[in-house]
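Chemist: Before I ask anything, here is the structure I am working with.
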Amino acid sequence: MRRRRLLGSLLLTVAAALGTAAAPPPTARAATPTVPLDHVVPAPAAVHEGGTPYTIGAGTRIRVPGGSGDARRIAGYLAGLLRPSTGYALPVTTKGGDGIVLRLGGRGTADLGAEGYRLRVDGRAVTIGARRPAGLFHGVQTLRQLLPPAAGEHRERAGAGVPPGGGWRIGGGTIADTPRYGYRGAMLDVSRHFFTVDQVKRYIDQLAMYKINKLHLHLSDDQGWRIAIRSWPRLATYGGSTQVGGGKGGYYSQDDYREIVSYAADRYLTVVPEIDMPGHTNAALASYADLNCNGVAPPLYTGTHVGFSSLCVPKKVTYDFVDDVVREIARLTPGPYLHIGGDEAHSTGHADYVAFMDKVQPVVAKYGKTVIGWHQLTGAHPAKGALAQYWGYDATGAAERQQVTDAARNGTGLILSPADRAYLDMKYDKDTPLGLNWAGYVGVRRAYDWDPGSYLQGAPGEAIRGVEAPLWSETLSTSAHIEYMAFPRLPGIAELGWSPRASHDWGSYKLRLAAQGPRWDALGIHYYRSPEVPWPAG
Ligand code: TNX
């Protein structure tokens, strides 16, 4: 009672201080509320709101005091995003002062690691500080989400100028943010259906918004070989000439692949190339008769069955082939990983499978890369330092799980992609027009509502290196298809990889996720308006 009276008199005092015009004059527009600083996906590790908001205006500069090349490039990227939608010049300068300030290194950044950042907003500046460029870039992604959705309008639709009712305001306060896991991946299957360089770039831009830092490209499978190998040219020219359903397929030249790698690197994603072996190899077997045990090349394959193809384990030429392919891809790939597949080798006997993996893993090491394999690799002898990608699901047998957790206890790192949680190619529900359902339906909540840290009982915490959301493309052939399956589930996997376990909460997550909808509308992303998410009206 007392409190209420006190509050009442305080309000009266404030009104008195403002004079009789406590209500805004009829011509003034009410400022649009700013986005709360914790209304970001993935959820930041620590947020303190308060203080004066900052408004981006005609005079705002993007500053990189003393700017390194990396900071300048990131500033240019931010300017490139905001100029078309705001209509402001947003010049980038290395001079100090107010505005949007990007700082690399220096005081207060030592604890931010390889990817963390600190973001501070007050009346004079938005300052993003990081120890490493990746952190600065992730901070810029957070800043994008603190602006009104219209700040993301793509060029054709962008209406230059201030949005009605407020301006480009960002609420006052600070964010300090570092990731839970270092491996936060997304996989795109470019083999079942081929996706062009531009389609891959479009997906990279979308992944970067959610702080995904690995792009795993599934470059070969039964239906298509998608990267030019100079020493075995028919792999691409013949083996890449079709796809599921019989379309014309395609492949990346080595320059195309370099272009993807560098586009991804500019957005702080590392490309993880996969050549799936010894199964899933019909495209290679069709291209070179010699690779077959019987010396006869099978026809190209455009169906969707799995498990019928195998490299010829006893033949010497198989290892010449592997050496050439691994050498060429390793040379084109600056990242540390090379994924050798190893899943569903149903046409390779167990002893052959183990012998093959024993011979191939040292080849990857010889060319300076770390092996990643699908978790079946744990049924062989995973090399020291190798990572296994777990794609089991609730129906996976105890023995198979045990094999994976035993390997994890023996030092094999794990990337978690449980098929009934993280597989973006699973249908949302029975009515989803695209996708598969062998692991069941994966709704938005199901994709988000699990914990990578405790998912595989018996696997030590330090074995879990992170998460990855694979997108297999048997049923997908356009960017709209990719986006329909990835959004809104991908941000959930991204959040599991980035945000502290303590922030996990479906009730609040779904509200933050809902707020992404208008951003995707502004960006032209074709997402699925799942009824599980309370999308804002309109
Ligand atoms: C299983 S997951 C596969 C792929 C399929 C996928 C479809 C894995 C390592 N192998 O060959 O495309 O299911 O969901």
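Residue numbers (my numbering): 16 to 553.
No residue lacks a Cβ here, since even glycine has one placed at the ideal position from N, Cα and C.
(1) Tell me which same chain residues have a C-beta within less than 6 Å of the C-beta of S492, skipping the five on either side of it?
(2) Beta-carbon within less than 8 Å of V482's beta-carbon, same chain only, minus the 5 sequence neighbours each way: which residues are those?
(3) According to the neighbour-count rule (16 or more other Cβ atoms, all chains shown, within 10 Å of its Cβ), is C308 buried or exposed?
(4) Based on the DSSP secondary-structure assignment, which residues constitute the bridge partners of Y69?
(5) Looking only at DSSP bridge pairs, what is A165 linked to?
(6) Note the first and the last residue of the continuous beta strand (DSSP E) segment covering P506.
(7) Grab me the residues of G65's own chain with a C-beta within less than 7 Å of its C-beta, minus the 5 sequence neighbours each way, in chain order.
(8) Which one of T385, T49, G318 and P68 has the shortest CA to CA distance from T427?
(9) Whose CA, out of L306, Y334, N297 and G310, lies closest to the CA of H320?
(10) Consult DSSP for Q269 and reduce its assignment to one of helix, strand or coil.
(11) Going by the DSSP bridge assignment, what does E498 pair with across the sheet?
(12) What does D192 pair with, by DSSP beta-bridge criteria?
(13) Can you tell me whether DSSP reads V56 as helix, strand or coil?
(14) CB K442 to CB Y456, shorter than 8 Å?
(15) Where does V457 sit, in a helix, a strand or coil, going by DSSP?
(16) Counting C-beta neighbours from all protein chains within 10 Å, is the total for K110 16 or more, i.e. buried, or is it exposed?
(17) For the candidate residues A129, D204 and D281, whose alpha-carbon lies nearest to that of D85?
(18) Does the contact criterion of 3 or more C-beta pairs under 8 Å hold for the region 521-537 versus the region 240-254?
(19) Would DSSP call V3 helix, strand or coil?
(20) Answer yes or no: do V107 and R87 have a C-beta to C-beta separation smaller than 8 Å?
(21) Going by the beta-carbon positions, is the gap between A454 and Y408 smaller than 8 Å?
(22) Report the CB separation of I13 from V212 in whole angstroms; it is logged as a contact under 8 Å.
(23) Using beta-carbon positions only, say whether P293 and Y368 come within less than 8 Å of one another.
(24) May I have a chain-ordered list of the beta strand (DSSP E) segments no shorter than 3 residues that lie completely inside the region 280-353?
(25) Work out the CA separation of I242 and A537 for me, nearest whole Å.
(26) Can you find the residues in the same chain that come closer than 7 Å, C-beta to C-beta, to N452, ignoring five residues on each side of it along the sequence?
(27) What number of angstroms, rounded off, separates the C-alpha of A552 from the C-alpha of Q417?
(28) Taking 7 Å as the cut-off, is the CB of E483 close to at least one heavy atom of the ligand TNX?
(29) Tell me which same chain residues have a C-beta within less than 7 Å of the C-beta of V341, skipping the five on either side of it?
(30) How many Å lie between P39 and W183 at the Cα?
(31) The beta strand (DSSP E) with I219 in it runs from where to where?
(32) Please determine whether the Cβ atom of D204 lies at a distance below 7 Å from any heavy atom of the ligand TNX.
(33) Could you compute how far the alpha carbon of D113 sits from the alpha carbon of Q269?
(34) How would you label V311, buried or exposed, when you count the other beta carbons within 10 angstroms and need 16 or more for buried?
(35) With DSSP as the reference, please indicate the residues paired to W487 in a beta bridge.
(36) Return the chain-ordered list of same chain residues with a C-beta closer than 6 Å to the C-beta of E168, the five sequence neighbours on each side being excluded.
Modeler: Judging by the given coordinates:
(1) H208
(2) Y196, Y198, R199, G200, I430, L431, S432, A437, P467, I508, L511 and G512
(3) exposed
(4) I185
(5) Bridge partners of A165: none, in fact.
(6) Where P506 is concerned, there is no enclosing beta strand (DSSP E), although the alpha helix (DSSP H) it sits in stretches over L505 to W513.
(7) Cβ within range, chain order: G187 and G188.
(8) T385
(9) N297
(10) helix
(11) In the DSSP output, where bridge partners are listed per residue, E498 has none listed.
(12) Y132
(13) coil
(14) yes
(15) coil
(16) Flag for K110 reads exposed.
(17) D281
(18) no
(19) Since the displayed the chain opens at 16 and closes at 553, residue 3 lies outside it and no answer follows.
(20) yes
(21) yes
(22) The question about residue 13 has no answer, for the chain in this structure spans 16 to 553.
(23) yes
(24) Counting only runs of at least 3 residues, the region 280-353 fully encloses the following beta strand (DSSP E) elements, listed from N- to C-terminal order: 285-292.
(25) 34 Å
(26) M441 and K442
(27) 47 Å
(28) no
(29) L353, V378, V379 and Y382
(30) In this predicted model, P39 has a pLDDT of only 41, less than 50, meaning its place in the structure is not dependable; the value taken from the coordinates is given anyway. Their Cα atoms are separated by approximately 20 Å.
(31) Unbroken run through I219 is the alpha helix (DSSP H), V212 to M224; no beta strand (DSSP E).
(32) Within the cutoff, so yes.
(33) Near 44 Å, if we compare the C-alpha coordinates of Q269 and D113.
(34) exposed
(35) Partner(s): none; W487 has no beta bridge.
(36) S100 and A537
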